[in-house]
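**Student:**
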Amino acid sequence: MDKGWLKMKVGLLHIVSICVVNFLLNYLLLFPLDLFQYITTPDLKMFSLVGLIVSGTTALATLLFYKLVDGKQIRTLGFQFKRKDLLFSISSIVLTVLFVFIVSMVASNLGVVDAQWYLGVFVEPSFYVLFIMVFVSWFVAAFYEEVLFRGYFVANLKFLSKKKLYLMTSFLFMIFHIFKGLDPISIVVLMLMSCVFLNVYLKSGSLLPCIFAHLIYNFSTSHLVGSSDIAILKFDGDIGLLNLIVIGLFMMTTLVLTKIFYGKNETSIIVNNERVLS
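Okay, so the sequence shown: first residue is 86 according to the numbering used here, each after it adds one.
1) Using CA atoms only, rank isn't needed, just tell me which of 327, 230, 338 is closest to residue 194.
2) Here's a check: name, in chain order, each residue in its chain whose Cβ is nearer than 6 Å to the Cβ of residue 105, leaving out the five neighbours to either side.
3) So what's residue 293 in DSSP terms, helix, strand or just coil?
4) Out of 180, 148, 171, 191, state which residue places its alpha-carbon closest to the alpha-carbon of residue 240.
5) Would you check if the stretch 242-260 and the stretch 272-292 touch, i.e. whether three or more CB-CB distances between them fall below 8 Å?
6) Could you check the C-alpha separation between residue 214 and residue 129 for me, to the nearest Å?
7) For residue 101, count neighbouring C-beta atoms within 10 Å of its own C-beta (all shown protein chains included) and say buried if the count is 16 or more, exposed if not.
8) Using a Cβ-Cβ cut-off of 6 Å (strictly less than) and excluding sequence neighbours within five positions of residue 173, which residues of its own chain qualify?
9) Use the C-beta contact count for residue 320: other C-beta atoms within 10 angstroms, 16 or more gives buried, fewer gives exposed.
10) When DSSP builds the beta bridges, which residues end up paired with residue 318?
11) Taking the alpha-carbon positions, what's the residue 229 to residue 140 distance?
12) Hey, out of 246, 116, 124, 136, whose CA is closest to residue 93's CA?
13) CB-CB under 6 Å to residue 143, same chain, minus the five flanking residues each way: which ones, in chain order?
14) Which value, in whole angstroms, describes the spacing of the CA atoms of residue 210 and residue 330?
15) Would residue 185 and residue 310 be called neighbours here (beta carbons separated by less than 8 Å)?
16) Using alpha carbons as the reference points, say which of 308, 234, 317 lies closest to residue 284.
17) Please classify residue 112 as buried or exposed, where buried requires at least 16 other C-beta atoms within 10 Å of its C-beta.
18) Could you please give the first and the last residue of the uninterrupted alpha helix (DSSP H) stretch that includes residue 243?
19) Measure the C-alpha to C-alpha separation of residue 167 and residue 288 and round it to an integer number of angstroms.
20) Flag this pair as yes or no: are the beta carbons of residue 315 and residue 238 separated by less than 8 Å?
21) Helix or strand or just coil, what does DSSP make of residue 285?
22) Return helix, strand or coil for residue 209, following the three-state DSSP convention.
23) With distances taken from CA atoms, which of 317, 324, 146, 265 is nearest residue 115?
24) Distance cutoff 8 Å, beta carbons only. Does residue 221 sit that close to anything in chain C?
25) Output the distance between the C-alpha atoms of residue 154 and residue 299, rounded to the nearest integer angstrom.
26) What's the C-alpha gap between residue 349 and residue 340?
Dropping the structure here:
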C-alpha cells in the first residue's frame with residue numbers, strides 16, 4: 086500500500102477516535118453530572134470551577150491520546166513562545182479589549198443598551214479573586230480547543246490540501262459546539278473563527294498565540310462587559326446585531342496582526358508534509 090494513503094487512513098482513524106473520546110467526555114461531564122447548568126450561571130465561582138473541570142479533563146485526555154496513541158511528543162504540537170508570539174498576543178489582547186469596549190459604548194449611545202462604567206470593582210478584593218478564576222477558566226477552555234482543533238487535527242490531517250484542511254477543521258470545530266446550540270449565524274461565525282485561528286497556527290507554528298487570541302475574545306465579550314460581576318462596563322441585555330461588528334473586527338484584526346507578525350509564509354507544520362488529497 087502507498088505510504089501516503091496509509092498515513093491518510095491512520096490520520097482519519099485517529100481523528101474519528103479523538104472525536105468520539107471528546108464527545109463522550111463532554112456529554113458525560115455536562116449532562117449526566119448536570120454541569121451544563123453552570124456554563125451560563127451568573128455564579129462566577131461555579132462557572133470557573135465547572136469550566137476548569139470540563140475543559141481541563143478533555144484537554145488532558147487529548148494530550149494523553151496524542152502521546153500514547155499517536156506516539157508523539159506533546160511539544161511537537163507547537164508550544165514555543167517566541168518574541169513574535171509574545172508581541173502578537175499582547176497586541177491581540179489590547180486591541181480586542183479596546184474595540185469590545187468601543188462597540189459596547191456605541192450600542193449604549195444608540196440606545197440598544199444602557200451601559201455604565203463600573204470602576205468601583207477595582208477597590209473590591211473579591212473582584213480580583215473572581216477575575217483570576219474566570220480568566221484561568223477561559224484560558225483552559227481556549228487551551229483545550231486550540232490543542233484539539235488546531236494542534237491535534239492538523240497533526241493528523243496533513244494529507245489534505247490547505248483548502249480541505251480549513252474546511253474540515255472548521256466543520257469539526259462547529260460541530261463540537263452543538264451542546265450550546267447552533268443556528269445559521271452561529272454556524273457561519275464558528276467556522277470563520279476556526280479559519281482565523283487556523284491561519285494563526287499555520288503561520289506562527291505555535292498554539293500559544295492562538296490560545297491568547299481565543300482567550301481574550303471569549304473573556305472580554307462574556308465577562309468584561311455586560312451583567313457579569315466582574316464587568317467593568319455594565320449593562321443588561323444584549324447588544325444585538327452589533328455583536329457581529331465585534332466578531333468582524335476581531336477576525337479582521339487577527340488576520341492583520343498575523344500578516345504583520347508572521348508574513349505570508351507557512352511554517353514547517355504544514356509546508357514540509359506530503360499531500361495525498363489536493
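No residue lacks a Cβ here, since even glycine has one placed at the ideal position from N, Cα and C.
**Tutor:** According to the data block:
1) Taking the first residue of the sequence shown as 1, we reach residue 194 at position 109. With distances taken between CA atoms, residue 194 lies nearest to 327 out of 327, 230, 338.
2) As a first step, residue 105 is located in the sequence shown; it is residue number 20 there, counting from the start. None.
3) As a working mapping, residue 293 is identified with position 208 in the sequence shown. Looking at residue 293 - three-state DSSP - the assignment turns out to be helix.
4) Looking up residue 240 in the sequence shown gives position 155. The shortest Cα separation from residue 240 among 180, 148, 171, 191 belongs to 148.
5) yes
6) For the purposes of this step, residue 214 is taken as residue 129 along the sequence shown, with counting starting at 1. For the purposes of this step, residue 129 is taken as residue 44 along the sequence shown, with counting starting at 1. Roughly 10 Å separates the two Cα atoms.
7) As a working mapping, residue 101 is identified with position 16 in the sequence shown. That one is exposed.
8) Here the question's residue 173 lines up with position 88 in the sequence shown. Result list for residue 173: 294, 342, 346, in chain order.
9) Locating residue 320 in the sequence shown gives position 235, where the first residue counts as 1. Looking at its Cβ environment, which holds 16 or more other Cβ atoms inside 10 Å, residue 320 is buried.
10) Counting from 1 along the sequence shown, the entry for residue 318 is found at position 233. 202, 310.
11) In the sequence shown, residue 229 corresponds to position 144, counting from 1. In the sequence shown, residue 140 corresponds to position 55, counting from 1. Straight-line Cα distance between these residues: approximately 6 Å.
12) Residue 93 sits at position 8 when you count from the first residue of the sequence shown. Measuring from the Cα of residue 93, the nearest candidate turns out to be 246.
13) For this step, residue 143 is matched to residue 58 along the sequence shown. In the same chain as residue 143, and ignoring 5 residues on each side of it, the C-beta atoms closer than 6 Å to its own belong to 107, 110, 229, in chain order.
14) Translated into positions along the sequence shown, residue 210 becomes position 125. Translated into positions along the sequence shown, residue 330 becomes position 245. Looking at the two C-alpha atoms, the distance is approximately 34 Å.
15) To locate residue 185, count along the sequence shown from 1; it is residue 100. To locate residue 310, count along the sequence shown from 1; it is residue 225. In contact: residue 185 and residue 310 (Cβ atoms closer than 8 Å).
16) If you number the sequence shown from 1, residue 284 lands on position 199. If you compare the alpha carbons of 308, 234, 317 with that of residue 284, the shortest gap goes to 234.
17) Sequence index remark: in the sequence shown, residue 112 carries index 27 (1-based). Exposed.
18) For the purposes of this step, residue 243 is taken as the residue at position 158 of the sequence shown. Looking at the DSSP string, residue 243 is not in any alpha helix (DSSP H), and its letter there is neither H nor E.
19) Here residue 167 is taken as the residue at index 82 of the sequence shown, counted from 1. Here residue 288 is taken as the residue at index 203 of the sequence shown, counted from 1. When rounded, the distance between both Cα atoms is 13 Å.
20) For this step, residue 315 is matched to residue 230 along the sequence shown. For this step, residue 238 is matched to residue 153 along the sequence shown. The answer is no: Cβ separation not under 8 Å.
21) Numbered from 1 along the sequence shown, position 200 holds the residue referred to as residue 285. Note: residue 285 maps to helix in three-state DSSP.
22) In the sequence shown, the residue the question calls residue 209 occupies position 124. Of the three classes helix, strand and coil, the one that applies to residue 209 here is coil, per DSSP.
23) Here residue 115 refers to the residue found at position 30 of the sequence shown. Of the candidates 317, 324, 146, 265, the one whose C-alpha sits nearest the C-alpha of residue 115 is 265.
24) Included in the structure is just one protein chain, with no chain C present.
25) Taking the first residue of the sequence shown as 1, we reach residue 154 at position 69. Taking the first residue of the sequence shown as 1, we reach residue 299 at position 214. Rounded to whole angstroms, residue 154 to residue 299 spans 27 Å at the Cα level.
26) One-based indexing of the sequence shown puts residue 349 at position 264. One-based indexing of the sequence shown puts residue 340 at position 255. If I take the Cα positions, the gap works out to 11 Å.
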